[in-house]
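Report on the structure given below.
Right, dumping it as structure tokens:
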């Protein structure tokens, strides 16, 4: 099988320069035309397994244009159940070589504290059914259901004129909601690249970071629910070295409070797209030497990392 799923393979594009809000945009090209086989499969799976879960209209990225000064994401509109159906079909068939690969438009923005720390959260059982018990950077998926849930007090703090298509605006709201922050406590949204992995997620995500004027201790006190750890960004090499190790291993990297990550049946895991995010952020925040070290560790762990060049990228080609 040429494209087995899951597999430890990640496509990573690191932007040549850090981009700010005005340099990143998404374009709506209208409703996505669905492959009939995938549509029937996803509808049946949703009816059987997710009937009580909320569906939503979502953006679906299909092409990305990048250069030194901009990133433009071309999208169609679709529904969340077809994104989830794509992952379920890949898992059931054991391959990502599907009739159609449905993507979304999620921005995963790493919040970096005043003392250079960031948070990882363990995914728990939920409607996504994807990546359970693995760690990820907390973020909401761009979706109309979340735009509709924005409270008046939150909406007054953000510019979200383009709704679910507004990449930096939605990312800012996501950080506010995830961490219990006010907009003024979050600096600019910076984009550093995008990634598509095939160990868990299949769908690409758009990556970056933002700074907050809170310390790590203050940030963790804001929202105490969820299974969260907090690490110093300078400790990424030790964190990556812990991948695949078991809970009882002494060399499993604890967070700043000494808490040990929980593990899956195959050890400590971080979501594939999140690994791509950390790579691109490390490149821009720490330099190419740290980026190269981290990439080498992932290779030792069995990952294949493809570096996606700058230019026009058809996301279906990243498979």
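Residue numbers (this note's numbering): 23 to 341.
Ideal Cβ positions, reconstructed from N, Cα and C, are used throughout, including at glycine.
Computed from a predicted model, the values in this text were never measured in an experiment.
(message) Tell me the residue span of the alpha helix (DSSP H) that contains residue 117.
(response) Translated into positions along the chain shown, residue 117 becomes position 95. No residue range can be given for residue 117, since it is assigned to no alpha helix (DSSP H) and is classified by DSSP as neither H nor E.
(message) Would the region 168-176 count as touching the region 83-93 if we require 3 or more Cβ pairs under 8 Å?
(response) They do not touch, by the three-pair rule.
(request) Name the one or two DSSP bridge partners that residue 43 has. (result) Here residue 43 corresponds to residue number 21 of the chain shown, with the count starting at 1. As far as DSSP is concerned, residue 43 takes part in no beta bridge.
(message) Is it the case that the region 232-249 contacts the region 57-65, given that we only count it when at least three CB pairs across the two stretches are under 8 Å?
(response) The answer is no - the region 232-249 does not touch the region 57-65, with fewer than three Cβ pairs under 8 Å.
(message) Nearest by alpha-carbon distance to residue 254: which of 304, 210, 202 is it?
(response) Position 232 of the chain shown, counted from the start, is the residue given in the question as residue 254. Cα-wise, what sits closest to residue 254 is 304.
(request) Report buried or exposed for residue 207, applying the criterion of at least 16 other Cβ atoms within 10 angstroms of its Cβ. (result) Working through the chain shown from its first residue, we reach residue 207 at position 185. By the 10 Å Cβ count, residue 207 comes out buried.
(message) Could you give the first and the last residue of the continuous beta strand (DSSP E) run that contains residue 301?
(response) The sequence position of residue 301 within the chain shown is 279, counting from 1. It is not in any beta strand (DSSP E) - residue 301 instead sits in the alpha helix (DSSP H) that spans 294-308.
(request) Could you tell me whether the Cβ atoms of residue 294 and residue 223 are closer together than 8 Å? (result) By 1-based counting over the chain shown, the position of residue 294 is 272. By 1-based counting over the chain shown, the position of residue 223 is 201. Against a cut-off of 8 Å, the Cβ pair of residue 223 and residue 294 comes out as a contact.
(message) For the beta strand (DSSP E) containing residue 253, name the first residue and the last one.
(response) The count along the chain shown starts at 1 and reaches residue 253 at position 231. Start and end: 250-254.
(message) In this structure, how does DSSP classify residue 75 when only helix, strand and coil are distinguished?
(response) Locating residue 75 in the chain shown gives position 53, where the first residue counts as 1. In this structure, residue 75 counts as coil in the three-state DSSP scheme.
(request) Assuming residue 124 contacts residue 94 (C-beta within less than 8 Å), just tell me the rounded distance between them. (result) The residue given as residue 124 occupies position 102 in the chain shown. The residue given as residue 94 occupies position 72 in the chain shown. The pair is not a contact, with the Cβ atoms about 20 Å apart (cut-off 8 Å).
(message) At the level of alpha carbons, what is the spacing between residue 340 and residue 117?
(response) In the chain shown, the residue the question calls residue 340 occupies position 318. In the chain shown, the residue the question calls residue 117 occupies position 95. The straight-line gap separating the alpha-carbon atoms of residue 340 and residue 117 is approximately 14 Å.
(request) Use the C-beta contact count for residue 66: other C-beta atoms within 10 angstroms, 16 or more gives buried, fewer gives exposed. (result) Position 44 of the chain shown, counting from 1, holds the residue named residue 66. Per the 10 Å Cβ criterion, exposed.
(message) Please report the straight-line C-alpha distance between residue 260 and residue 52, rounded to a whole angstrom.
(response) Reading the chain shown from its first residue, position 238 is the one you call residue 260. Reading the chain shown from its first residue, position 30 is the one you call residue 52. Taking the CA atoms as reference points, residue 260 sits about 44 Å from residue 52.
(message) For residue 189, report the span of its alpha helix (DSSP H) as first-last.
(response) By 1-based counting over the chain shown, the position of residue 189 is 167. It spans 189-201 - the alpha helix (DSSP H) in which residue 189 sits, taken as one unbroken run.
(request) Determine the burial state of residue 338: buried for a count of at least 16 other Cβ atoms within 10 Å of its Cβ, exposed for fewer. (result) Within the chain shown, the letter at position 316 stands for residue 338. Exposed, because fewer than 16 other Cβ atoms sit within 10 Å of the Cβ of residue 338.
(message) So, for residue 31: in the same chain, excluding its five sequence neighbours on each side, which residues have a beta-carbon less than 6 Å away from its beta-carbon?
(response) Along the chain shown, read from residue 1 onward, the residue named residue 31 stands at position 9. So the qualifying residues of the chain are 220, 326.
(message) To the nearest angstrom, how far is the alpha carbon of residue 323 from that of residue 77?
(response) The count along the chain shown starts at 1 and reaches residue 323 at position 301. The count along the chain shown starts at 1 and reaches residue 77 at position 55. Answer to the nearest angstrom: the Cα atoms are 36 Å apart.
(message) Relative to the C-alpha of residue 144, which candidate in 330, 328, 24, 252 has its C-alpha closest?
(response) Taking the first residue of the chain shown as 1, we reach residue 144 at position 122. Taking each of 330, 328, 24, 252 in turn and checking the Cα distance to residue 144, the smallest one comes out for 252.
(message) Going by C-alpha to C-alpha distance, which of 122, 296, 37, 314 sits closest to residue 218?
(response) Along the chain shown, one-based indexing puts residue 218 at 196. Taking only the C-alpha atoms, the option nearest residue 218 is 296.
(message) Taking the beta carbon of residue 35 as the centre, do at least 16 other beta carbons fall within 10 Å, making it buried, or is it exposed?
(response) Residue 35 sits at position 13 when you count from the first residue of the chain shown. Buried, because 16 or more other Cβ atoms sit within 10 Å of the Cβ of residue 35.
(request) In angstroms with no decimal places, state the Cα-to-Cα distance between residue 236 and residue 300. (result) Here residue 236 is taken as the residue at index 214 of the chain shown, counted from 1. Here residue 300 is taken as the residue at index 278 of the chain shown, counted from 1. Roughly 21 Å separates the two Cα atoms.
(message) Counting C-beta neighbours from all protein chains within 10 Å, is the total for residue 279 16 or more, i.e. buried, or is it exposed?
(response) Start at 1 with the first residue of the chain shown, and residue 279 comes out as number 257. Exposed, by the Cβ-count rule.
(message) Pull the bridge partners of residue 230 from the DSSP assignment, please.
(response) Working through the chain shown from its first residue, we reach residue 230 at position 208. In the DSSP assignment, residue 230 forms a beta bridge with 131, 213.
(request) Apply the 10 Å Cβ neighbour rule to residue 283 and answer buried if 16 or more other Cβ atoms are within range, or exposed otherwise. (result) In the chain shown, counting from the first residue as 1, residue 283 sits at position 261. Answer is buried; the Cβ neighbour count reaches 16.
(message) Taking the beta carbon of residue 275 as the centre, do at least 16 other beta carbons fall within 10 Å, making it buried, or is it exposed?
(response) For this step, residue 275 is matched to residue 253 along the chain shown. That one is buried.
(request) Measure the alpha-carbon distance for residue 90 versus residue 43 and round it to whole angstroms. (result) Position 68 of the chain shown, counting from 1, holds the residue named residue 90. Position 21 of the chain shown, counting from 1, holds the residue named residue 43. One Cα belongs to residue 90, the other to residue 43, and the distance between them is close to 14 Å.
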